[in-house]
Amino acid sequence: MLEICNLQKQYPSPDGQTITALRLDNLRLERGEQAALVGPSGSGKTTLLHLVAGLLAPTAGTISLDGQRVDALREKERDVWRARNVGYVFQSFNLLPNLSALENVMAALVFARVERERAARLRAMELLRGVGLADRVHNRPSQLSIGEQQRVAVARALANRPRLILADEPTASLDRENGRNVLEILQWLCREQQSILILATHDHAVMELFPRRIELARAVEVSADAPADSVA
Ligand code: ADP
Ligand code: ADP
Numbered sequence: 001m002l003e004i005c006n007l008q009k010q011y012p013s014p015d016g017q018t019i020t021a022l023r024l025d026n027l028r029l030e031r032g033e034q035a036a037l038v039g040p041s042g043s044g045k046t047t048l049l050h051l052v053a054g055l056l057a058p059t060a061g062t063i064s065l066d067g068q069r070v071d072a073l074r075e076k077e078r079d080v081w082r083a084r085n086v087g088y089v090f091q092s093f094n095l096l097p098n099l100s101a102l103e104n105v106m107a108a109l110v111f112a113r114v115e116r117e118r119a120a121r122l123r124a125m126e127l128l129r130g131v132g133l134a135d136r137v138h139n140r141p142s143q144l145s146i147g148e149q150q151r152v153a154v155a156r157a158l159a160n161r162p163r164l165i166l167a168d169e170p171t172a173s174l175d176r177e178n179g180r181n182v183l184e185i186l187q188w189l190c191r192e193q194q195s196i197l198i199l200a201t202h203d204h205a206v207m208e209l210f211p212r213r214i215e216l217a218r219a220v221e222v223s224a225d226a227p228a229d230s231v232a
């Protein structure tokens with residue numbers, strides 16, 4: 001279960017003031033739950049995903065995954081924790097350009113040290129087959145279509161069977177058909193693995209596909225005080 005209490009993130013602004021970028025009082029998501037994260041541009045969607053992924057530390061509040069405090073992880077523990085527990089899908093895919101589709105997916109497995117190379121290769125093949133790319137595994141990202149690249153990114157994000165999948169506008173650079181296709185794959189894999197999925201979007205057609213919504217209001221307010229902490 002993912003549990004968030006009284007979460008707040010402030011950033012220092014260039015002119016020495018404080019920007020409150022996000023406020024979220026309470027959120028609980030059980031294993032297997034899928035939620036759309038919605039709110040206008042600047043309401044803190046990316047900030048929330050970064051906090052939950054342990055990429056940023058909150059100014060106040062707590063985030064726990066299955067009882068473990070994500071916000072309290074020490075810097076040294078964070079990368080390993082993230083590699084094992086979190087799959088992140090970006091709007092712009094962020095695939096490694098010099099690696100093939102297969103190597104991109106394998107890299108996630110090997111980095112998290114969950115699998116040896118042989119097992120990682122088999123698992124990566126299985127996943128790429130699952131997303132319909134069995135005959136594209138040796139292509140580099142530049143040799144794949146946009147829709148195919150995002151399917152590789154989805155396979156990579158889910159490779160470790162992470163408990164948490166975070167997706168930041170994953171269909172925004174895709175056309176309707178590819179977007180729908182990527183979403184179906186993402187939701188299907190998450191269901192199958194009983195992962196928690198949080199997907200940021202401002203597309204109404206995408207929101208409709210989710211049983212739950214997390215709505216953020218624009219929390220941005222500027223105050224003259226220095227922030228209680230700085231960016232992690
Ligand atoms: P969204 O993803 O909903 O568009 P963001 O999380 O990107 O919202 O941003 C929320 C607010 O925080 C915005 O006002 C943005 O300008 C501000 N913000 C985001 N990152 C930083 C940063 N590193 N430093 C200062 N302000 C930031
Ligand atoms: P997208 O196209 O999905 O928005 P980006 O690559 O542009 O993906 O990154 C989204 C946000 O994540 C940006 O605000 C960027 O500053 C931030 N970001 C990218 N990489 C990292 C990282 N390694 N750690 C923290 N923030 C990052």
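Those letters in the sequence shown? Residues 1 to 232, per UniProt numbering, in order. Here a beta-carbon is modelled for each residue, glycine too, at the ideal position from N, C-alpha and C.
Test item: CB-CB of residue i and residue j under 8 Å
{"i": "LYS45", "j": "LEU216", "result": "yes"}
{"i": "LEU37", "j": "LEU186", "result": "no"}
{"i": "GLY132", "j": "ARG151", "result": "yes"}
{"i": "LEU29", "j": "LEU2", "result": "yes"}
{"i": "GLU169", "j": "GLN68", "result": "no"}
{"i": "LEU73", "j": "THR47", "result": "no"}
{"i": "VAL105", "j": "ALA83", "result": "no"}
{"i": "GLN34", "j": "LEU197", "result": "yes"}
{"i": "LEU27", "j": "ILE214", "result": "yes"}
{"i": "ALA134", "j": "LEU128", "result": "yes"}
{"i": "ASN160", "j": "ALA119", "result": "no"}
{"i": "LEU95", "j": "ALA153", "result": "yes"}
Backbone secondary structure at residue i - three-state DSSP
{"i": "VAL182", "result": "helix"}
{"i": "THR18", "result": "strand"}
{"i": "THR46", "result": "helix"}
{"i": "ARG163", "result": "coil"}
{"i": "ARG213", "result": "strand"}
{"i": "ASP135", "result": "helix"}
{"i": "GLY130", "result": "helix"}
{"i": "VAL70", "result": "coil"}
{"i": "SER13", "result": "coil"}
{"i": "GLY147", "result": "helix"}
{"i": "ARG116", "result": "coil"}
{"i": "ALA172", "result": "coil"}
C-alpha gap between residue i and residue j, whole angstroms
{"i": "residue 233", "j": "VAL70", "result": "Lying outside 1 to 232, the shown extent of the chain, residue 233 is not represented and no answer is given."}
{"i": "PHE93", "j": "GLN149", "result": "7 Å"}
{"i": "ALA232", "j": "ALA60", "result": "With a pLDDT of 47 at ALA232, under the threshold of 50, the predicted position of this residue should be treated as unreliable, though the coordinate-derived value follows. Their Cα atoms are separated by approximately 13 Å."}
{"i": "GLY141", "j": "GLY130", "result": "Residue 141 is actually Pro in this sequence, not Gly. One C-alpha to the other measures close to 18 Å."}
{"i": "ALA57", "j": "VAL137", "result": "36 Å"}
{"i": "LEU122", "j": "ARG156", "result": "13 Å"}
{"i": "SER43", "j": "ARG218", "result": "4 Å"}
{"i": "LEU109", "j": "LEU144", "result": "22 Å"}
{"i": "TRP81", "j": "PHE210", "result": "27 Å"}
{"i": "ARG78", "j": "THR20", "result": "24 Å"}
{"i": "residue 297", "j": "LEU164", "result": "A query on residue 297 cannot be resolved here, the shown segment of the chain reaching from 1 to 232 and no further."}
{"i": "LEU174", "j": "GLU184", "result": "14 Å"}
For residue i: DSSP bridge partner residues
{"i": "THR62", "result": "CYS5"}
{"i": "LEU199", "result": "ALA36, ALA167"}
{"i": "ARG23", "result": "GLN8"}
{"i": "LEU29", "result": "LEU2"}
{"i": "VAL222", "result": "ILE19"}
{"i": "GLY87", "result": "ILE165"}
Chain D contact for residue i (CB, 8 Å cutoff)
{"i": "VAL206", "result": "No chain D is present in this structure, which holds just one protein chain."}
Cβ pair count under 8 Å reaching 3, the stretch 186–195 against the stretch 5–23: Judged by Cβ distances under 8 Å, the stretch 186–195 makes no contact with the stretch 5–23, as fewer than three pairs qualify.
Stretch pair the stretch 48–55 + the stretch 92–104: three plus CB contacts closer than 8 Å: They do not touch, by the three-pair rule.
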